[in-house]
C-alpha cells in the first residue's frame with residue numbers, strides 16, 4: 062500500500078503505547094520502544110523521499126475513520142469533563158463541556174444540514190511542511206523517548222516509588238507522538254482538532270504523572286489554558302462549517318499545492334476573505350494558548366514539574382510545535398492583513414518579554430522554558446509578517462530549535478540526576494564531575510545563541526526579514542540581544558573548573574549517552590549543512606507559497622539579496638580552537654599552575670575557595686550570578702507584560718470581528 | 011576604503027585577509043600608544059613613549075607561562091581568532107549583521123574565559139562584561155538596520171559604494187555608536203569589567219585578573235584588532251572617501267580618549283540605563299526618520 066509510512070507514523074506509536082501499557086515487563090517495553098523508534102525513523106525517511114501527495118483513508122478495521130474520530134473525540138472531551146468534575150475544577154468542566162456541546166452541534170446538527178462541501182478535499186495532505194514536522198516528531202521525538210527509558214528507571218529509584226508507574230508514563234508519551242504525527246498530516250479540520258485535543262490530554266496526563274500536589278495544580282493550569290484554546294478552535298470550526306462550508310485546512314488557508322487551487326482561486330459558497338478573519342483569529346488564539354505566548358506562558362513554565370523527558374518532548378517536537386505549525390499553515394491567508402501584523406506583534410512581544418524573564422531565572426529548567434517561549438514567539442512573529450525570508454526564518458528556527466532544545470533538556474535531566482539539582486548556581490564545577498555531559502551542554506547552549514549554528518542563522522534571517530516592519534523590529538532586536546545574556550551566564554557557571562591533572566568521562570547508561578551524542582552530532586552536522594537543510598525542507602514550502610524561496614544557497618551559505626551568511630569560516634575557526642585542546646592539556650604541567658588570586662594567601666585544599674585574611678582568619682569566597690530579580694524576576698516582568706499581552710489580545714477582537 | 015578597493019580592482023580575498031591580519035595589530039598597537047600618550051598629556055603627565063604597547067607585548071610574550079587551569083587559554087584563542095575574523099569580514103565587505111554576530115561570539119569567549127577560573131574577581135568582571143554586552147549589543151544591531159535602511163544592503167562592500175556618506179542620514183546612530191564605543195572599549199565611565207590602562211582596586215583587573223604572561227599578551231593583541239575593528243566601523247559612516255573615513259574614525263578615537271579622562275566610573279545599572287535610554291533612544295529615533 063502506498064500510504065504505509067503514514068499508517069506507521071500514527072499507528073505504530075499508538076500500538077506500542079498500548080503494548081507497553083498491557084505488558085508491564087521492562088525488557089518488553091524497552092524492546093518495543095526501540096523497535097518503534099526505528100520504525101518511526103524509517104517511515105519519516107520514506108515520506109521525505111517522496112513528493113507531495115494527498116491521502117484519504119476510508120476505514121480502519123472496518124470502521125469508517127470519520128466516525129471513529131468523532132467517537133474518540135466525544136469520548137476524549139467527555140473524559141476531560143469527568144477529570145474536571147473529579148478534581149473539582151469548574152473551569153475545566155466548563156471549558157471541556159462547552160467544547161463537547163460545540164462538537165456535538167457541529168457533528169450532529171450541522172453535518173446533516175450543510176450542502177456538499179468543496180470539491181472533495183482529501184483528509185490528509187503530505188507536503189514538505191508536513192514532512193519537515195514529521196521528521197522532527199519521529200526523529201527528535203524518538204530519541205527523547207529512547208532517553209526516557211533509562212531516565213525513568215533512575216527517576217523512580219530517586220522517588221523511591223513502591224510500584225512502577227512507567228507503563229502509564231510510556232502510554233501517554235507514545236500516544237503523544239502518534240497524535241502529533243496525525244496532527245501534521247491532517248487536512249480535515251475535524252481530524253486536526255481531534256489530534257489537537259489529544260495532545261492537550263496527553264500533556265495533562267504527563268504533567269500530573271507523579272500525582273504530587275504541585276504536579277496536579279500545574280497540570281490543571283495547563284489543562285484549562287489549553288482547553289480555552291480548544292474552545293476557540295471549536296468555535297472557529299462551527300463558524301467555518303456554518304458560514305463558509307469549509308472543513309479543510311487547505312481550503313481555509315489556500316495552501317498551494319501543485320494542482321490544487323486554493324480558495325482564492327475557487328471561493329467557497331457564500332464566503333468572502335473578510336468573513337474568514339474571525340475563524341482565522343480564533344485559530345490563532347488557540348495557537349497562542351498552546352504555544353504558551355504571553356499571557357498564557359505559565360502553563361509551560363509549570364509543566365517542568367513533570368519528569369524531564371516530558372519537557373524535552375513538549376518543548377522540542379510536540380505540543381508547542383503543533384501551535385506554530387498551525388499558524389504557519391494559516392499564514393498565507395492573513396498575509397498583509399492587520400491580523401497578520403497583530404499576530405507578528407504578539408509573537409514579537411512574547412519573544413522579548415520571555416527573553417527578559419529568562420535573565421532572572423536561577424532554575425535551569427525555567428531558563429529553558431522561557432527560551433522556548435521566546436523562540437516560539439519569534440516563529441509566530443515571522444509567520445505573522447510572512448514574507449519569503451520571514452517564512453524561511455520561521456521554518457529554520459522550528460527545525461534547529463527542536464534539535465537543540467531536546468538536547469538541552471536531555472542534558473539538564475542528566476545533570477539533575479548527576480548532581481541532584483537543577484539550580485544553575487549549584488552547577489559550578491560540573492566540568493570536572495561530568496565532562497562529557499558538560500561539553501555536550503556547551504554545544505547545545507552555544508547552538509542556541511551563537512554563530513555558526515542554525516538557531517542563530519534563523520535569528521539573523523529573522524532580523525533581516527523584519528527590517529521593513531517597524532512595529533516588530535524593536536522586539537526582535539531587544540529579544541536577540543537579551544538571549545545572549547542569559548545563555549552566557551549559565552555557560553559561565555558550568556564551565557568554571559579548577560585544575561585537575563586528569564579528567565575522567567562519567568559513565569552514563571547507553572541510551573542516554575547515545576541520544577545525547579546523536580542529537581549533538583545532528584546540531585553540528587545540520588548547522589554545517591544548513592544550505593542543504595534549507596534547500597530540502599524549507600525552500601519547497603516557501604516556494605510553494607511565493608513562487609520564490611526568498612533565500613538562495615549559492616556556495617553552502619544562505620543569501621537573501623540584502624545579506625549573506627557564510628557559516629564555514631566560523632566552523633573552521635572553531636575547529637582550530639578545538640585542535641588546541643589536546644595541545645593545551647599536554648603542554649600545561651602541574652608546575653605551571655597557580656591558584657587564583659584572592660585577597661590573601663589561598664587556604665584549604667581547593668584553590669580559589671578560601672583565603673587567609675589580614676587577621677589570619679580563613680575567609681570563604683563565594684560569587685554568584687547576577688539575576689537582578691527586581692528587574693528581571695517574574696513578578697517584576699509580569700507587572701508590565703500581562704497588561705500589554707492582554708491588551709494585544711483584546712486588540713485582536715477589533716481586527717477580526719465581522 | 012579597502013572594501014571598495016577590492017570591489018573596484020578585484021584584489022584576491024586572500025591578500026586582503028593577509029594584509030588585514032598583518033597590518034591591523036601594527037595600527038592598533040600604535041593607536042593604543044597614542045591613546046596612552048594623549049591621556050597622559052590630558053592629565054598633565056609625560057606618559058610612556060608611543061611605542062610602549064609593543065615593548066609591553068614583547069615583554070609579556072617572554073614571560074613564564076603560568077595558568078590557573080588547562081582550559082583558560084582556549085578562550086583566549088577563540089577570542090583572538092573570532093576578533094580577527096570579524097575584522098577580516100568587515101574588510102572583505104561581508105554582511106554586517108553576520109560580522110556583528112561573530113564579534114559577539116568573540117566577546118562571549120572572553121567572558122567565558124573570565125568565568126572559567128574559580129576566581130571571584132575575574133568572575134565579577136565577567137558578570138559585568140555580560141552587562142556591557144547587554145548594553146551595546148542591541149545598539150549595534152539597530153545600527154546595522156539603520157545602515158540597511160539608508161543603503162538598501164547589509165553588505166559592507168555595497169554600503170561603501172552606495173553614494174552619499176551615511177553620516178547625512180544616520181547622524182543620531184553615529185552619536186549612539188560613539189556611546190557604545192566607550193562601553194565596548196571598556197573606557198571610563200564604563201570601565202566596569204576591567205580597566206584598560208588604569209588600576210581599579212575593587213575587582214583587581216576584572217575578567218583579566220587570572221591571565222598573565224603570554225596569554226595576557228594574546229588578549230592585548232586581540233584588543234588591538236578590536237580597536238581597529240571598532241574604528242573602521244566608525245569610518246563606515248563616511249566611507250565615500252578615504253579621508254572622510256579616517257576623519258570619522260579620528261573623531262571617535264579622540265572622543266573616547268577625552269571622555270575616558272574626564273569621567274569617573276559608574277555602576278553597571280547606571281550604564282545600562284544610560285545606554286538603553288540615550289544610545290538606543292538616539293538610534294531608534296534616527297531609524298524612525300528613515301521610515302518617514
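Residue numbers (my numbering), protein chains in the order written: chain A, 62 to 719; chain B, 11 to 302. The beta carbon of each residue, even a glycine, is placed where N, CA and C say it ideally should be.
Within 10 Å of its beta-carbon, does residue i have 16 or more other beta-carbons around it, so buried, or fewer, so exposed?
i                      : result
residue 662 of chain A : exposed
residue 364 of chain A : buried
residue 677 of chain A : exposed
residue 659 of chain A : buried
residue 1 of chain B   : Not covered by the structure: residue 1 of chain B. The range shown for chain B is 11 to 302.
residue 301 of chain B : exposed
residue 252 of chain A : buried
residue 212 of chain B : exposed
residue 700 of chain A : exposed
residue 436 of chain A : buried
residue 710 of chain A : buried
residue 517 of chain A : buried
residue 447 of chain A : buried
residue 85 of chain A  : exposed
residue 293 of chain B : buried
Taking C-alpha atoms, which residue in the options lies nearest to residue i?
i                      : options                       : result
residue 259 of chain B : B/241, B/88 and B/139         : B/241
residue 94 of chain A  : A/79, A/105, A/108 and A/459  : A/79
residue 148 of chain B : A/421, A/670, A/626 and A/534 : A/534
residue 668 of chain A : B/243, B/30, B/37 and B/220   : B/220
residue 360 of chain A : A/303, A/261 and A/400        : A/261
residue 629 of chain A : A/573, A/514 and A/505        : A/514
residue 351 of chain A : A/305, A/303, A/256 and A/705 : A/256
residue 604 of chain A : A/473, A/314 and A/452        : A/452
residue 189 of chain B : B/223, B/264, B/226 and B/124 : B/264
residue 488 of chain A : A/544, A/236, A/556 and A/460 : A/556
residue 627 of chain A : A/618, A/633 and A/634        : A/618
residue 168 of chain A : A/295, A/211 and A/104        : A/295
residue 246 of chain B : B/286, B/292 and B/180        : B/180
residue 59 of chain B  : B/52, B/40, B/53 and B/69     : B/40
residue 122 of chain B : A/242, A/217 and A/558        : A/558
residue 622 of chain A : A/391, A/609 and A/633        : A/609
Going by the DSSP bridge assignment, what does residue i pair with across the sheet?
i                      : result
residue 121 of chain A : A/124
residue 116 of chain A : A/185
residue 672 of chain A : A/663 and A/680
residue 500 of chain A : Looking at the DSSP assignment, residue 500 of chain A forms no beta bridge with any residue, so it has no partner.
residue 77 of chain B  : A/654
residue 105 of chain B : B/165
residue 424 of chain A : A/484
residue 233 of chain B : Beta-bridge pairing links residue 233 of chain B to no other residue.
residue 465 of chain A : The partner list for residue 465 of chain A (beta bridge, DSSP) is empty, contrary to what the question assumes.
residue 249 of chain A : A/309
For residue i, decide whether its Cβ has a neighbour in chain D, counting only Cβ atoms nearer than 8 Å.
i                      : result
residue 212 of chain B : The structure shown has no chain D; the protein chains it does contain are A and B.
Whole runs of the alpha helix (DSSP H) within the segment 600-638 of chain A, excluding any shorter than 4 residues: 600-607
Pairs of beta-carbons, one from the segment 128-141 of chain A and one from the segment 110-117 of chain A, closer than 8 Å: are there three or more? no
Three CB pairs or more closer than 8 Å across the segment 130-143 of chain B and the segment 523-539 of chain A: no
Do the segment 463-481 of chain A and the segment 70-80 of chain B make contact, defined as three or more Cβ pairs closer than 8 Å? no
Does the pairing of the segment 456-467 of chain A with the segment 376-392 of chain A give three or more beta-carbon distances under 8 Å? yes
Whole alpha helix (DSSP H) runs in the segment 498-581 of chain A with 4 or more residues, listed along the chain? 515-526 and 534-556
If we count Cβ pairs, one from each stretch, closer than 8 Å, do we get three or more for the segment 684-697 of chain A versus the segment 137-146 of chain B? yes
Is there contact here, the segment 419-428 of chain A with the segment 484-492 of chain A, by at least three beta-carbon pairs under 8 Å? yes
Alpha helix (DSSP H) runs contained entirely in the segment 133-219 of chain B, provided each spans 4 or more residues: 166-170, 176-179 and 181-194
Do three or more CB pairs link the segment 157-175 of chain B to the segment 246-257 of chain B at distances below 8 Å? yes
For the segment 280-293 of chain A against the segment 305-313 of chain A, are there 3 or more C-beta pairs whose distance is under 8 Å? no
Between the segment 86-103 of chain B and the segment 515-527 of chain A, are three or more C-beta pairs nearer than 8 Å? no
Validate contact between the segment 101-120 of chain B and the segment 571-590 of chain A using beta carbons, cut 8 Å, 3 pairs: no
What alpha helix (DSSP H) runs, 4 residues minimum, are completely inside the segment 179-247 of chain A? 189-196, 202-220 and 227-246
Is there contact here, the segment 70-78 of chain A with the segment 220-237 of chain A, by at least three beta-carbon pairs under 8 Å? yes
Can at least three beta-carbon pairs, one atom from the segment 535-554 of chain A and one from the segment 633-640 of chain A, be found at a separation below 8 Å? no
Check whether the segment 96-109 of chain A and the segment 189-206 of chain A touch, using three or more Cβ-Cβ pairs below 8 Å as the test. yes
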